[in-house]
Structure formats: C-alpha cells, structure tokens
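First comes the structure, then the notes that go with it.
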Amino acid sequence: MERAKKHYSNKKLWDKLKNVGKKAGGIVVYAVLLLYYTLQKPSVPVKTKAMIIGALGYFILPIDLIPDFITGVGYVDDLGALGAAILQVATHIDQDIKDKAKNKLSTWFGEDIDTSAIDEKLTN
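Written out as structure tokens, the structure reads:
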C-alpha cells in the first residue's frame, strides 16, 4: 500500500473509474466511492486518510498483484485492498457517505446495484 500511495490523485481516480468502472463492477466501484467520500471528510485523521490513499492508489495502479486486464479475476486483489481499508476506517463511514456513494453508483449502474455485502460489514 505504501508504494501505491504515490499513484493516487483525484484526477487519476476519476479517470480510472471512468475507464474501467463498468468492467470492475458495482461492488468495486462502491468500495472506491466509500473510501473517496471518507477521504473528503475533514474530521478523518491523517493516519486514516493515508490508509485510504494507499488503497485507492492500489486501485489506480496499472499493474498490481493480479493485473486488471485478466477477465473475471483482475479486480479481486483490488477489492481485497479496498475491503481491508474499509474495515479499518469503518467508524468514519457514516450514512451520509453511504448515501453519496450510492447516489453516484446509481448514476453509473442504475438503481439495482446490491451493496449489501459491504453495507453488512459496516454495521457489524
């Protein structure tokens, strides 16, 4: 994750989502959006923001543990990194952040995206 931090920028993140969002799938994009909106909260500690930037940087990396171009499994490692970061920062993810992420997600994927796999982890 430390190496991935240098790859993060808002522009790179939005470009990556624009280019591969549909291919990565709704659950990966939802995880990215949750972390992105958490990163924007002024009350989130710097250490937590660094962890988020590392996870988002890993998502942006063109070549990672499992290259994204491998159909069917290319985003499994990205989801693992994103999921680990979400679990670490869960106390900072409030309903407002979930709503923002879901609203953005629905503009790209429609209303039928099931986010329960992540949402359930946030309530436990």
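Residue numbers (the numbering used here): 272 to 395. Glycine residues also receive a C-beta, built at the ideal position from the N, C-alpha and C atoms. Keep in mind that this is a model prediction, so the values were computed, not measured.
Residue i burial status per 10 Å Cβ neighbour count (16 or more: buried)
{"i": "residue 286", "result": "exposed"}
{"i": "residue 341", "result": "Reliability of the predicted coordinates at residue 341 is poor, the pLDDT of 49 falling under 50, and no value is obtained from them."}
{"i": "residue 325", "result": "buried"}
{"i": "residue 386", "result": "buried"}
{"i": "residue 303", "result": "buried"}
For residue i, three-class secondary structure by DSSP
{"i": "residue 328", "result": "helix"}
{"i": "residue 389", "result": "helix"}
{"i": "residue 301", "result": "helix"}
{"i": "residue 381", "result": "coil"}
{"i": "residue 315", "result": "coil"}
{"i": "residue 294", "result": "helix"}
{"i": "residue 365", "result": "coil"}
{"i": "residue 279", "result": "coil"}
Nearest-angstrom beta carbon gap, residue j and residue i [assumed within contact, 8 Å]
{"i": "residue 389", "j": "residue 329", "result": "No, residue 389 and residue 329 are not in contact; Cβ-Cβ is about 17 Å, not under 8 Å."}
{"i": "residue 322", "j": "residue 356", "result": "6 Å"}
{"i": "residue 327", "j": "residue 279", "result": "5 Å"}
{"i": "residue 376", "j": "residue 331", "result": "The Cβ separation is near 18 Å, so there is no contact."}
Does the structure place the stretch 306–326 close enough to the stretch 367–379 that three or more beta carbon pairs sit under 8 Å? yes
Does the stretch 356–365 touch the stretch 287–297, meaning 3 or more C-beta pairs lie closer than 8 Å? no
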